[in-house]
């Protein structure tokens, strides 16, 4: 944890040193080379139940508690080589997940009023600790998919028989006496499994979760876990859509595609409704720790909308490659691929606008302070980060760029697309994300958020996200300038001047009329003019 905290600011060398020391200790224990004195010291701080069950699992739980933040640190430190090692090491946690899953398997004959099978505090704490540890591994699996496009190692339906976390008022009880008092008053001492929670939220009737009154029995942390399960489920659905989208438009395949997309859209609408109703139904205000969890649920929901309609395979190349030409080529290929155009995509774009507007609404000055990063969890940086690097930087920017290009080519947009594009432009002008006369709206969005994510968060992956956004914006701007039609005025902003130039067709050659420009600018514009000649002939 200290190594993660040291990522922020000039203490990055300390972070590297601390993580290396922890890695050395962990490897020593895995090889069985820890001396008996050190092992006894670890056992001394374990609950008695863990000491008796030590031989029933491949690794002690304290080792998993150490490996989890260590791999988390390495996965989001921003160094592509270290991140690659973390992706390889994550298999250790996946095996541990399967190894301990039977210990916290949910009761198939669920009764929410049934008392806990553990009558003593230590046994209950061990049971709840194991649940939360495994759910954290499940969350990390999803974040690796969100950040790097990795295939999910865990599935909500195949690996989701784990009981959801209990209410935080029980988990946060500081003494056994207070725990006994709270558990005697608790309405819901047992929870359903993750798989059942995902099924209820995605496929049940609208009022299934509220038929016993406006009190949802999931804790905020449990709601976050369920949203991650839905996100993974939609990732698997998106893989079904990839071959369908690439196949010829037969009636049967299009019907299947519509069925999948409509089902995903309906499920996500239910998720949004239940998140809002759960927030409004609270009898008391959420605490400082609970509020960000609801915010993260909304961030995950935006990711879910994206996964339902977009291919995110570009992320692995964008954030793991160290060669700038490779990254640029991957982004260029991504921009050149036309986005889907349908009502589901328009709805997803509308949802992702929350990720665009929210940082400006909250206050960019506050969020740009590094102290703010300490109160925002990794979902906020990564999922709000991928709401920028992926949703805005890759998905939203590409959609806006293609809509702008179609407008320049005098191709009529659908009414919903035209209204949404105008809505995005007005939002950006109102929030001062772009200026009037900006040549490319997509480039303006990317460059604005590149500055925002340059050095804001604790997690060092965000500067790499900023680099990708900035490069994406440059590609959009360059393609927009090259693709501008003949006799079309182009506003070119510069720190010292603003020049407006036209390209005219004169006796088969393109002649640019330039204002007060130096030789370098003239050469650049002449080169672009010659590119226009070959593009438009």
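Numbering (the UniProt record's numbering), first residue to last: 1 to 537. Glycine included, C-beta positions come from ideal geometry on N, C-alpha and C. Nothing here was measured: the structure is a model prediction, and the numbers come from that model.
Drop a sphere of 10 angstroms on the beta-carbon of residue 330, count the other beta-carbons inside from all chains shown, and report buried for 16 or more, exposed for fewer. The residue in question, residue 330, is buried, as its Cβ has 16 or more Cβ neighbours within 10 Å.
Quick check on DSSP: helix, strand or coil for residue 155? Coil at residue 155, not helix or strand.
Thinking just about the alpha-carbon of each residue, which of 23, 17, 305 and 422 is nearest to the one in residue 232? The shortest C-alpha separation from residue 232 is found at 305.
Name the residue from 102, 140, 77 and 237 whose alpha carbon lies nearest to the alpha carbon of residue 92. Relative to residue 92, the option among 102, 140, 77 and 237 whose CA is nearest is 140.
If we call anything under 9 Å between Cβ atoms a contact, is residue 261 one with residue 183? The answer is no: Cβ separation not under 9 Å.
Kindly identify the DSSP beta-bridge partner or partners of residue 162. DSSP lists 105 as partners of residue 162.
Can you tell me whether DSSP reads residue 416 as helix, strand or coil? It is helical.
Given a cut-off of 9 Å, decide if residue 71 and residue 89 are closer than it, judged by their beta-carbon atoms. In contact: residue 89 and residue 71 (Cβ atoms closer than 9 Å).
Alpha carbon of residue 450 to alpha carbon of residue 328, nearest angstrom: Per the coordinates, the alpha-carbon of residue 450 lies some 16 Å from the alpha-carbon of residue 328.
Is the separation between the beta-carbon of residue 138 and that of residue 198 shorter than 9 Å? No.
Please report the distance separating the alpha-carbon of residue 350 from that of residue 274. Linking residue 350 to residue 274 through their CA atoms gives a straight-line distance of about 19 Å.
Between residue 73 and residue 123, which are expected to be in contact by the criterion C-beta below 8 Å, what is the C-beta distance as a whole number of angstroms? Their Cβ separation, rounded to whole angstroms, is 31 Å, which puts residue 73 and residue 123 out of contact at 8 Å.
Alpha-carbon spacing of residue 433 relative to residue 448, whole angstroms: Separation of residue 433 and residue 448 (C-alpha to C-alpha, rounded to the nearest whole angstrom) is 6 Å.
Under DSSP, the alpha helix (DSSP H) around residue 190 begins and ends at which residues? Where residue 190 is concerned, there is no enclosing alpha helix (DSSP H), given that its DSSP letter is neither H nor E.
Where does residue 159 land, buried or exposed, given buried means 16+ other C-beta within 10 angstroms? Buried: at least 16 other Cβ atoms inside 10 Å.
Would a C-beta distance cut-off of 9 Å place residue 106 and residue 67 closer than the cut-off? The Cβ atoms of residue 106 and residue 67 lie no closer than 9 Å to each other.
Buried versus exposed call for residue 15 [16 or more other C-beta atoms within 10 Å across all chains shown]: So residue 15 counts as buried.
Does the Cβ of residue 336 have 16 or more other Cβ atoms within 10 Å, making it buried, or fewer, making it exposed? By the neighbour-count definition (other C-beta atoms within 10 Å, threshold 16), residue 336 is an exposed residue.
Run the CB neighbour count on residue 397, radius 10 Å, all protein chains shown included, and call it buried at 16 or more, exposed below. With 16 or more other Cβ atoms within 10 Å, it is buried.
Over the uninterrupted alpha helix (DSSP H) stretch that includes residue 539, give me the two end residues. What the structure shows of the chain is the stretch from 1 to 537, and residue 539 is not part of that stretch, so it cannot be assessed.
Once DSSP output is grouped into helix, strand and coil, what is the label at residue 436? If DSSP states are grouped into helix, strand and coil, residue 436 belongs with coil.
Between residue 132 and the rest of its own chain, which residues show a CB-CB distance below 7 Å, the 5 nearest in sequence each way excluded? Within the same chain, Cβ atoms closer than 7 Å to the Cβ of residue 132 are found at 165, the five residues on either side in sequence being excluded.
Relative to the C-alpha of residue 443, which residue among 419, 404 and 464 is closest? Comparing Cα-Cα distances from residue 443 to each of 419, 404 and 464, the minimum goes to 404.
Nearest CA to the CA of residue 125: which residue from 85, 167 and 144? Out of 85, 167 and 144, 167 has the C-alpha closest to the C-alpha of residue 125.
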